[in-house]
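FYI, the numbering for the sequence shown is -2 to 179, going by the numbering used here.
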Amino acid sequence: VIVGHLLRASDNDSYMYLGDAEPPRCASCGVVSDPRWVDPGFQLPPGKRLDASFTYDGRFVVSDAFRAAAKAFGGAEYAKLPSQPGWSLLLAAEIVRFDVEARGTKLSEFCPACSRFTVVAGATPVFLIAPPKPLPDVFLRTDVEFGTRDELRPLVLVGPGLADALIRARLTGLNLTAVDVS
Ligand SMILES: [Zn+2]
-2 VIVGHLLRAS DNDSYMYLGD AEPPRCASCG VVSDPRWVDP GFQLPPGKRL DASFTYDGRF
58 VVSDAFRAAA KAFGGAEYAK LPSQPGWSLL LAAEIVRFDV EARGTKLSEF CPACSRFTVV
118 AGATPVFLIA PPKPLPDVFL RTDVEFGTRD ELRPLVLVGP GLADALIRAR LTGLNLTAVD
178 VS
């Protein structure tokens, strides 16, 4: 049964964490510690100003058109990009539990200082623990983050009504994949 959609997006060929400004990092493992942090000088490459895109280090960047399409729905926090007016980071606020055992996700390099695994592989296909069926029409993030060190990011999921609103808006860069749970 399809419960909602996974938000995927094109790469924008840039990094949030490799600019001149230094993000806050865990003193022990060195991984970036605040996903809301934005480099005040961050800009998208001219050919990569899509409505939805990911930096190579896992930041989800969306346009004002994306925000307008999602305006009637909850669950999103935005952090404006000072040097790229019209675009923001999107941070999903609501949490859905990811089933690492069912998926066979590999969690490694645990940091006791920041209480997280800093290398996590195996995000898709999506397995969820007792998700609402369907998912609510808000932006949800998995409780597990995937990737290696600074690339760590949760999966972002949406319910069917929000998925439809995003599809109808014909946003560039955005790719929605149905999440099927039995
Ligand atoms: Zn740490």
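Glycine included, every Cβ here is placed at the ideal spot set by N, Cα and C.
Residue i: CB within 6 Å of a non-hydrogen atom of ligand 1
i, result
"residue 105", "no"
"residue 25", "yes"
"residue 110", "yes"
Assumed close pair residue i, residue j - CB separation to whole angstroms, cut-off 8 Å
i, j, result
"residue 84", "residue 116", "At roughly 29 Å, the Cβ-Cβ gap does not stay under 8 Å, so residue 84 and residue 116 are not in contact."
"residue 118", "residue 103", "5 Å"
Residue range of the beta strand (DSSP E) that includes residue i
i, result
"residue 151", "150 to 155"
"residue 64", "It is not in any beta strand (DSSP E) - residue 64 instead sits in the alpha helix (DSSP H) that spans 61 to 66."
"residue 108", "103 to 108"
"residue 177", "171 to 177"
"residue 4", "-1 to 8"
"residue 84", "84 to 89"
"residue 115", "113 to 118"
Candidates the options, of which the one nearest residue i by Cα
i, options, result
"residue 88", "168, 155, 177", "155"
"residue 176", "148, 165, 130", "130"
"residue 167", "133, 1, 65", "65"
"residue 135", "5, 162, 98", "162"
"residue 24", "48, 70, 112", "112"
Run of the alpha helix (DSSP H) containing residue i, from where it starts to where it stops
i, result
"residue 19", "Segment: none, residue 19 is in no alpha helix (DSSP H) and carries neither H nor E."
"residue 100", "97 to 100"
Any non-hydrogen atom of ligand 2 within 6 Å of residue i CB
i, result
"residue 35", "Ligand 2 is not part of the structure shown, which contains ligand 1 as its ligands."
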